[in-house]
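Report on the structure given below.
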Amino acid sequence: MNVLGNNALDLRKTKILLVTDSFLFVDRVTYFDPGKKVIAEKDVTGEEWFFKGHFPGNPILPGHILAEAMIQAGTIILLPEHFLTKTMIQTDTFLRDLADRAKTVNYLTATKIRFFKITRPGKTIIMTGTPIKVISSAAIMHVEAHVDGELIARGDFTVARTKNK
Amino acid sequence: MKKITSLKKSKKTVKSLDKKKKIKKEIKKKAMSTKSTKTVKRPGKKKKVTALPVKNMLDKKEVEKKLRTIIAKVMEIDEKTVTPKTRFIEDFGMDSMMALEILAMIEKEYNIEIAEEDLPKIVSYDSVIKLTIDLFNKKKK
Numbered sequence: 014m015n016v017l018g019n020n021a022l023d024l025r026k027t028k029i030l031l032v033t034d035s036f037l038f039v040d041r042v043t044y045f046d047p048g049k050k051v052i053a054e055k056d057v058t059g060e061e062w063f064f065k066g067h068f069p070g071n072p073i074l075p076g077h078i079l080a081e082a083m084i085q086a087g088t089i090i091l092l093p094e095h096f097l098t099k100t101m102i103q104t105d106t107f108l109r110d111l112a113d114r115a116k117t118v119n120y121l122t123a124t125k126i127r128f129f130k131i132t133r134p135g136k137t138i139i140m141t142g143t144p145i146k147v148i149s150s151a152a153i154m155h156v157e158a159h160v161d162g163e164l165i166a167r168g169d170f171t172v173a174r175t176k177n178k
Numbered sequence: 076m077k078k079i080t081s082l083k084k085s086k087k088t089v090k091s092l093d094k095k096k097k098i099k100k101e102i103k104k105k106a107m108s109t110k111s112t113k114t115v116k117r118p119g120k121k122k123k124v125t126a127l128p129v130k131n132m133l134d135k136k137e138v139e140k141k142l143r144t145i146i147a148k149v150m151e152i153d154e155k156t157v158t159p160k161t162r163f164i165e166d167f168g169m170d171s172m173m174a175l176e177i178l179a180m181i182e183k184e185y186n187i188e189i190a191e192e193d194l195p196k197i198v199s200y201d202s203v204i205k206l207t208i209d210l211f212n213k214k215k216k
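Chains as they are written, first to last, in the numbering used here: chain A, 14 to 178; chain B, 76 to 216.
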C-alpha cells in the first residue's frame with residue numbers, strides 16, 4: 014500500500030536521507046510501502062555538476078552516478094513510515110527516531126549492476142526498489158531504473174547499517 | 076510303470092513350484108530394497124503407485140553441489156576449494172556481508188526463509204548444508 018497516496022514527496026524540500034545538496038540524486042518519492050517497495054524519481058536536467066566533464070559537448074549521465082541514485086532510492090525502503098508521510102507530527106517518538114536515524118549510516122559494501130542504455134539530459138529516471146533481505150545490521154536491495162518505460166539499469170546492492178559514533 | 080509316470084509328473088510340479096518360489100523371492104527382494112513406498116507391480120495385477128513426488132524430496136548431493144556454487148560465487152573462490160572441512164572465516168576471511176549474501180541466495184534458491192538469528196550458522200560448509208536441509212524439511216511439514 015502506498016502510504017503517500019497521490020502526493021509525491023519532494024526530497025529537495027523534505028530531508029529524509031543523510032546525503033544532501035550536490036550528492037542527493039533522488040528528487041522525489043512517488044510510491045512508498047514501508048519495507049516492501051519504493052518508487053523514486055530523478056530529473057536529469059543537464060545542469061548537474063558532472064555533465065561539464067562527462068563529456069564536454071556530449072552530456073551523458075555517468076553510470077556510477079546512476080548507481081548512486083539507485084542506491085539512495087533503494088535505502089528509502091529501510092526508513093520508517095512516518096519519515097515520509099505528511100501526517101507526521103513531531104512527537105517524542107519521531108524526534109527520538111530522527112536522532113537515531115541520523116546516527117545510522119548505510120555503508121555500501123557490494124554492488125552488482127548492469128547498465129543497458131545511456132541517459133541524456135531532459136529525461137526523468139524512475140527507480141523502483143524492493144528488498145531482497147533486510148536484517149538489523151544490513152540489507153540487500155534490488156533496484157531497477159527506467160526511462161520512458163525502458164529499462165536502463167538493474168542492480169542489487171548490499172549495505173551495512175551501523176551507528177555513527 | 077505307474078510309479079515312473081507319477082514321479083515324472085511330480086518332477087514337473089516340483090519344478091514349477093520352485094519357479095514360482097523363485098519369482099516370489101525376487102519380488103520380495105525388490106520390494107525390500109526400494110526405499111520408497113512404491114508397490115511392486117505383479118504381472119496381470121494393477122496397483123496404485125504411492126511414491127512421493129520427486130519435488131518434495133531434497134537430494135543431499137544436489138544441495139551440496141548447489142551450495143558449493145553459491146559459496147564460491149559470493150566469496151569469489153574456486154568451487155574445488157570448498158570442502159566438508161571448510162570454515163569460511165578462518166579459511167577465506169568471510170565477513171558478515173558475505174554471509175548475508177549467501178543467506179539471501181539460499182533463500183531464493185530453495186524458497187525458504189532464514190531468520191537473522193541463523194546467520195551465525197553460516198560459518199562452515201557442513202553447517203550451511205544442514206541449515207538448508209533442516210529449514211526446507213521444516214517448511215514441507
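Heads up, the beta-carbon is just placed ideally off N, CA and C, and yes, glycines get one too.
Only a predicted model underlies this, so the values are computations on that prediction, with no experimental measurement involved.
- In terms of Cβ geometry, residue 85 of chain A and residue 160 of chain A do not form a close pair [threshold 9 Å].
- Excluding five sequence positions before and after residue 144 of chain A, the CB atoms of its chain that fall closer than 6 Å to its own CB belong to 90 and 154, given in chain order.
- The Cβ of residue 182 of chain B sits closer than 9 Å to at least one Cβ of chain A.
- In the assembly as shown, residue 199 of chain B is a buried residue. Its beta-carbon has 16 or more other beta-carbons within 10 Å.
- In the structure shown, residue 38 of chain A adopts coil according to DSSP, grouped into three states.
- From the beta-carbon of residue 171 of chain B, the residues of chain A found nearer than 8 Å are 150, 151 and 173.
- Using a CB distance cut-off of 9 Å, residue 146 of chain A counts as an interface residue toward chain B.
- The beta carbon of residue 101 of chain B does not come within 9 Å of any beta carbon belonging to chain A, so the residue lies off that interface.
- Taking a C-beta distance under 9 Å as the contact criterion, residue 82 of chain A and residue 119 of chain A do not qualify as a contact pair.
- Taken through DSSP and simplified to helix, strand or coil, residue 188 of chain B comes out as coil.
- Taking C-beta atoms as the reference points, residue 133 of chain A and residue 168 of chain A fail to come closer than 9 Å.
- Note on residue 140 of chain A: 16 or more other CB atoms within 10 angstroms of its CB, so buried under the neighbour-count rule.
- If you compare the alpha carbons of A:94, A:142 and A:72 with that of residue 135 of chain A, the shortest gap goes to A:72.
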